[in-house]
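S.K.:
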Amino acid sequence: MRIVLCYPVNEKHIAQIQAAAPEFEVVNAGQERIDELLPTADIFIGHAKVPVNWDRVLQAGRLRWIQSSAAGLDHCLVPGVIASDDIVVSSASGLFAPQVAEQTFSLLFGVLRRAPLFFRAEAKRQFVRLPTDDLRGKTVGIVGLGGNGREIARMLAPWQVRLVATDYFPVQQPTEVEQLWPAEELDRLLAESDIVILTLPLNDNTRGLFDRERFQQMRPGSYLINVARGGIVKEAALVDALQSGQLAGAGLDVTEVEPLPPDSALWDDPSVMISPHVGAQSSRRVDDTTRLVCINLRRFQAGEPVYNRVDKQLGFPHPSAMYRGQTQ
């Protein structure tokens with residue numbers, strides 16, 4: 105039985121995984137050898153960022169469990185994996201919610217306080233006062249109230265904002281959220297929100313969800329913050345909404361095409377703040393990932409359901425399956 109790893113582990117992490125699964129051979133493929141070694145895996149742990157021949161993996165017939173080291177699963181939820189009754193998929197959803205929330209705040213305050221304009225002025229050594237906006241008193245709509253969305257709501261609550269949200273599973277409404285609606289009520293959320301924060305997964309239902317028509321549903325002069333997946337937002341529609349004034353600004357940790365092409369109009373827009381998909385970065389990322397991996401390895405071997413088991417049709421875990429810091 106073999107576990108194949110593909111995330112930036114060191115010898116300490118490999119030893120922890122081996123201790124949690126002593127019956128398994130643990131192989132660190134890295135990005136360099138993941139396509140070669142994945143067909144030999146009974147368990148795959150990580151995130152392949154290079155092309156993988158999934159047909160060859162499925163034909164090998166060995167793979168039983170994918171533990172992603174990321175929340176997004178577009179790297180492994182290929183049609184054959186989705187259709188397989190034999191392959192369990194689990195994610196790192198919610199594991200880095202504090203970091204994603206901090207990145208959200210960075211982008212949010214950046215666009216509200218016009219940081220891109222001040223950065224440009226600073227580069228020219230211009231000490232010029234420019235108009236800014238406020239967070240206090242705003243209605244903030246969170247689209248996708250999973251682990252990341254809930255942490256963002258918790259951190260926003262003290263800022264004297266009104267919080268509303270939508271989710272596929274509108275259950276377990278946090279006390280700080282005034283309204284939690286089903287996903288079908290998205291346009292209602294947009295009509296009521298001064299700031300819209302995207303924290304929903306990328307799947308067939310959400311790809312291109314924010315197009316020209318959807319931006320027209322947003323309040324004139326509102327803001328968009330995307331810390332989810334770039335494919336949820338149509339870049340051309342976003343550019344039009346910014347240039348027309350429908351949106352007052354946007355904070356983007358993700359873009360429809362990554363890396364964002366040098367000729368994208370988003371680079372030159374002073375109402376836009378861009379970070380290069382770093383929302384889940386953390387000095388403790390690999391340690392925390394390995395901790396979840398080891399917990400789930402023990403559960404998998406014991407025949408217990410793993411945390412963050414994904415509904416493969418939806419592309420994310422049901423709230424009842426979410427990892428919330430449990431130790432076993």
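Under the numbering used here, the final residue of the sequence shown carries the number 432; numbering is consecutive throughout. Every residue gets a Cβ at the ideal spot worked out from N, C-alpha and C, and that includes glycine. Given the structure is predicted, the values throughout are model-derived calculations rather than measurements.
Taking the straight line between their C-alpha atoms, what separation do you get for Val232 and Pro220?
M.R.: Answer to the nearest angstrom: the Cα atoms are 13 Å apart.
S.K.: By the three-class DSSP mapping on this structure, what secondary structure does Ser172 have?
M.R.: Three-state DSSP puts Ser172 in a strand.
S.K.: Please report how far the alpha carbon of Gln276 lies from the alpha carbon of Gly334, in whole angstroms.
M.R.: Whole-angstrom Cα-Cα distance: 27 Å.
S.K.: To test your reading of the DSSP string, which unbroken alpha helix (DSSP H) runs of 4 or more residues are found completely within the region 325-401?
M.R.: Counting only runs of 4 or more, we get 339-348.
S.K.: Could you please give the first and the last residue of the uninterrupted alpha helix (DSSP H) stretch that includes Trp158?
M.R.: From DSSP, the alpha helix (DSSP H) with Trp158 extends over Trp158 to Ala164.
S.K.: DSSP state of Asp415, grouped into three classes?
M.R.: Reduced to three states, the DSSP call for Asp415 is strand.
S.K.: DSSP on Pro274, reduced to helix/strand/coil?
M.R.: If DSSP states are grouped into helix, strand and coil, Pro274 belongs with coil.
S.K.: Cβ atoms of Leu364 and Ile329: under 8 Å apart, would you say?
M.R.: Not a contact, by the Cβ cut-off of 8 Å.
S.K.: Assign Val361 to buried or exposed, taking buried as 16 or more other Cβ atoms, counted over all protein chains shown, within 10 Å of its Cβ.
M.R.: Val361 is exposed by the Cβ-count criterion.
S.K.: Write down the C-beta distance between Asp344 and Gln321 rounded to the nearest angstrom, noting that I regard them as a contact closer than 8 Å.
M.R.: About 14 Å separates the two Cβ atoms, so there is no contact after all.
S.K.: State the beta-bridge partners of Pro421 as determined by DSSP.
M.R.: Bridge partners of Pro421: Val414.
S.K.: Only counting the same chain, and skipping five residues up and downstream in sequence, which positions put a Cβ closer than 6 Å to that of Val185?
M.R.: Closer than 6 Å at Cβ, skipping near neighbours: Ile191.
S.K.: Look at the alpha carbon of Val161 and the alpha carbon of Arg403, and state the distance between them as a whole number of angstroms.
M.R.: About 24 Å.
S.K.: With three or more C-beta pairs closer than 8 Å as the rule, is the region 373-385 touching the region 198-214?
M.R.: The region 198-214, when compared against the region 373-385, does touch it at the 8 Å Cβ threshold.
S.K.: Per DSSP, Ser194 is paired with what?
M.R.: Per DSSP, Gln171 and Arg413.
S.K.: Give the straight-line distance between the Cα atoms of Glu339 and Leu356, rounded to the nearest whole angstrom.
M.R.: If I take the Cα positions, the gap works out to 11 Å.
S.K.: My output table needs one value for Ala119: the three-state DSSP class, helix, strand or coil.
M.R.: It is helical.
S.K.: Is it the case that the Cβ atoms of Ser375 and Leu346 are separated by a distance below 8 Å?
M.R.: For Ser375 and Leu346, yes; Cβs fall inside 8 Å.
S.K.: What separation, rounded to the nearest whole angstrom, lies between the Cα atoms of Asn132 and Val414?
M.R.: For Asn132 and Val414, the distance between alpha carbons rounds to 24 Å.
S.K.: Please return the same chain residues whose Cβ sits closer than 7 Å to the Cβ of Glu127, not counting the five positions on each side in sequence.
M.R.: Here the set comprises Met105.
S.K.: Which residues does DSSP list as the beta-bridge partners of Glu129?
M.R.: Answer by DSSP bridge pairing, in chain order: Arg106.
S.K.: Taking the C-alpha atoms as reference points, what is the distance between Gly176 and Ser348?
M.R.: When rounded, the distance between both Cα atoms is 32 Å.
S.K.: So Ser173 and Thr393 are supposed to be a Cβ contact under 8 Å. How far apart are they, rounded?
M.R.: Indeed, because the Cβ distance is near 5 Å, the residues count as touching under 8 Å.
S.K.: If distances are taken between C-alpha atoms only, which option among Ile118, Gln417 and Ile378 comes closest to Tyr272?
M.R.: Per the Cα distances, Gln417.
S.K.: Alpha carbon to alpha carbon, what distance is there between Arg323 and Asn400?
M.R.: C-alpha separation (whole angstroms): 43 Å.
S.K.: Give the DSSP-derived three-state secondary structure of Ala205 in the structure shown.
M.R.: The answer is helix: DSSP assigns Ala205 an H, G or I state.
S.K.: Please report the distance separating the alpha-carbon of Val331 from that of Val247.
M.R.: Computed Cα separation, rounded: 11 Å.
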